[in-house]
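Report on the following structure.
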Amino acid sequence: MADHFWNAKRILVTGGAGFLGSFVVEKLNERRAAAVFVPRSKDYDLRQPEARRRVLADARPDIVFHLAGRVGGIGANRAHPAEFFYDNLMMGVPLFHESWRFGVEKFVAIGTVCAYPKFTPVPFKEEDLWNGYPEETNAPYGLAKKMLLVQSQAYRQQYGVNSIFLLPVNLYGPGDNFDLQTSHVIPALVRKCFQASERGDDHIVVWGTGKPTREFLYVEDAAEGILLAAERYNASDPVNLGSGMEISIQDLVHLIARLTGFQGEIVWDASKPDGQPRRCLDTSKAEQLFGFRAQTSFEEGLRKTIEWYRQNCQSRNANPESPPHHQSPEGRGQR
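Counting from 1, one number per residue, gives the positions in the sequence shown under the numbering used here.
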C-alpha cells in the first residue's frame, strides 16, 4: 500500500543530504518513489527567491518535505539568534508560499520541540503549543519554525492547501553532527567521552546542572514517522513525534560514559545555561492519526550511534582543531 502511494509521486526533500534528510530519502527510495530530488545548498540557497523558484521548477514535485534549517545546540543558538530566526523563517515561509503557487499537492513541514512554551506541562500536548513563550535560548529558532504551522492553517483555510506540521523531539543517531561548537547534547557527549579517553583526561566538563530532562528519538524512527504522516495524515493540526521516554541530562551523561567506556569524573559547569527545564512529548496523536510508534530503544539507539562514531570519527579525537565533518545548515535535525 505504501509503495503504491509513492510510486506515482515526485518528491522534493530540502535538507535531504543532511542528518534527518538522508534517512528520509533512503526510506523514500525503499518505497520506490517515482523521483526524489535533493537540492544542495551550494546550488540552491533557499533564502533567495530565485533559488526557491528554480528548485521547484527543477524538481517538479508532487510533495515537498521541508527539512532544511539552520540548527544547533544551546551555544550556537546563543551566539547566533538573528541567523537562527532569519534563515529558518526565510527558508520555510517563502518556500511554502512558492509551493502553493507552483501547485504542489502536499507540503510536509517539520517543526521543532523548541516551539513549545518554556514551562509546558509534561508530557507536552499539542494543545499547549501556544500557552506561553519558548525557552529564551531557543526562542528565535522555535518561533521561526512555528510560523510554518500558522501558514499551514491559514493557507488551508483560504486556499485549501494540503499541508501538515510535525513536531519532533531531539533526534540522534548515526551520521549526527559531532562538532563540539555546533552539536546537540548526545553527539557532544559521545565525542567528549572518546576524546577524554584518548587523551588520558581524568574528567569531562558538561554544561549546566544536569537537572533538566529531555526526550530523544532515534533518527531512523523519526524518518519513518515523517513518511507515515505524509502517507496517512491530511490536516493542519500539529502532531508530536517522539519516543515518550524522558531522561535527565545527568542520567544521560552517565549512560553515555558507560557505553563509551569513559571512567573519569563528570564536572558540571553550572555557569552555563540548562535550557528548558523538562521535555517529554505526549505521542498519542501520532499513533492514533497515522500509526507511528518509535521502535528503537534508547540504549540500542545510543549503541548504534556510538559504534558509528567509533568507526567514522574516533581517529580525529586527538586533534580538537580538526572536528568531524558536520552537515550543512540545511541538513540537520531538531534539538
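Cβ coordinates follow ideal geometry from the N, Cα and C atoms, glycine included.
Quiz item: With 8 Å set as the bound, which would you pick, yes or no: does the beta-carbon of K146 sit closer than that to a beta-carbon of chain B?
Solution: In summary, chain B is missing from the structure at hand, where a single protein chain is found.
Practice problem: Along the alpha helix (DSSP H) that carries K285, what are the first and last residues, could you check? | Solution: The continuous alpha helix (DSSP H) containing K285 extends over residues S284 to F290.
Quiz item: So W100 is in the beta strand (DSSP E); what residue range does that whole segment cover?
Solution: Where W100 is concerned, there is no enclosing beta strand (DSSP E), although the alpha helix (DSSP H) it sits in stretches over P81 to F102.
Quiz item: Roughly how many angstroms lie between the CA atoms of R54 and I204, to the nearest whole one?
Solution: Using only the alpha carbons, I get a separation of about 47 Å.
Quiz item: Rounded to the nearest angstrom, how far is the Cβ of K285 from that of N240, given a contact under 8 Å?
Solution: Contact annotation, K285 with N240: C-beta distance approximately 6 Å; criterion of less than 8 Å satisfied.
Exercise. Using 10 angstroms around the beta-carbon of P238, count the other beta-carbons present and answer buried if the total reaches 16, otherwise exposed.
Key: Only buried fits P238, as 16 or more other CB atoms lie within 10 angstroms of its CB.
Quiz item: Would V93 pass as a contact of A223 if the rule is Cβ separation under 8 Å?
Solution: Against a cut-off of 8 Å, the Cβ pair of A223 and V93 comes out as no contact.
Quiz item: Is DSSP giving S22 helix, strand or coil here?
Solution: Assignment of S22 by DSSP, reduced to helix, strand and coil, places it in the helix class.
Practice problem: Helix, strand or coil for V267, going by three-state DSSP, please let me know. | Solution: Reduced to three states, the DSSP call for V267 is strand.
Exercise. Round the Cβ separation of P61 and R10 to the nearest angstrom and send it over; I've been treating them as touching at under 8 Å.
Key: Confirmed, Cβ separation roughly 5 Å.
Quiz prompt | Residues of its chain near P323, where Cβ-Cβ distance is below 6 Å and the 5 sequence neighbours each way are ignored | solution = Residue placement at P323 cannot be trusted, given a pLDDT of 36 that sits under 50; what the coordinates show is reported in the next sentence. Excluding the 5 residues flanking it on each side, P323 has same chain C-beta neighbours closer than 6 Å at D179, in chain order.
Practice problem: Answer yes or no: do A82 and S152 have a C-beta to C-beta separation smaller than 8 Å? | Solution: In this structure, S152 does not lie closer than 8 Å to A82 by Cβ.
Exercise. Could you tell me whether the segment 71–86 touches the segment 116–132, where touching means 3 or more Cβ pairs closer than 8 Å?
Key: These segments do not touch.
Self-check item: Straight-line Cα distance separating L12 from Y44
Solution: About 13 Å.
Self-check item: Straight-line gap, S163 to G21 (C-alpha atoms, nearest Å)
Solution: Taking the straight line from one Cα to the other gives about 18 Å.
Quiz prompt | Burial state of N138 (16 or more Cβ within 10 Å) | solution = N138 is buried by the Cβ-count criterion.
Quiz prompt | V38, enclosing beta strand (DSSP E) - first and last residue | solution = Run containing V38: none; DSSP gives neither H nor E here.
Exercise. Reducing DSSP to helix, strand and coil, say where Y155 ends up.
Key: Looking at Y155 - three-state DSSP - the assignment turns out to be helix.
Quiz item: Can you tell which of L143, A79, A229 and E26 has its C-alpha closest to the C-alpha of F165?
Solution: When each option's Cα is compared against that of F165, the closest is A229.
Quiz item: Looking at C-alpha atoms only, which residue of Y309, D202 and H184 is the closest neighbour of D342?
Solution: Any question about residue 342 goes unanswered here, given that the chain covers just 1 to 335.
Exercise. State the Cα-Cα distance for the pair P140 and F84, rounded to the nearest angstrom.
Key: C-alpha separation (whole angstroms): 6 Å.
Quiz item: If you draw a straight line from the C-alpha of G16 to the C-alpha of P39, how long is it?
Solution: Spanning the alpha carbons of G16 and P39 requires a straight line of approximately 7 Å.
Quiz prompt | Supposed close pair S243, L217 - CB separation, criterion 8 Å | solution = For a cut-off of 8 Å, the C-beta gap from S243 to L217 is around 5 Å, short enough to register as a contact.
Exercise. Using beta-carbon positions only, say whether F353 and C280 come within less than 8 Å of one another.
Key: Residue 353 is absent from the model: the chain starts at 1 and stops at 335.
Quiz prompt | N- and C-terminal bounds of the beta strand (DSSP E) containing N138 | solution = No beta strand (DSSP E) holds N138; DSSP gives it neither H nor E.
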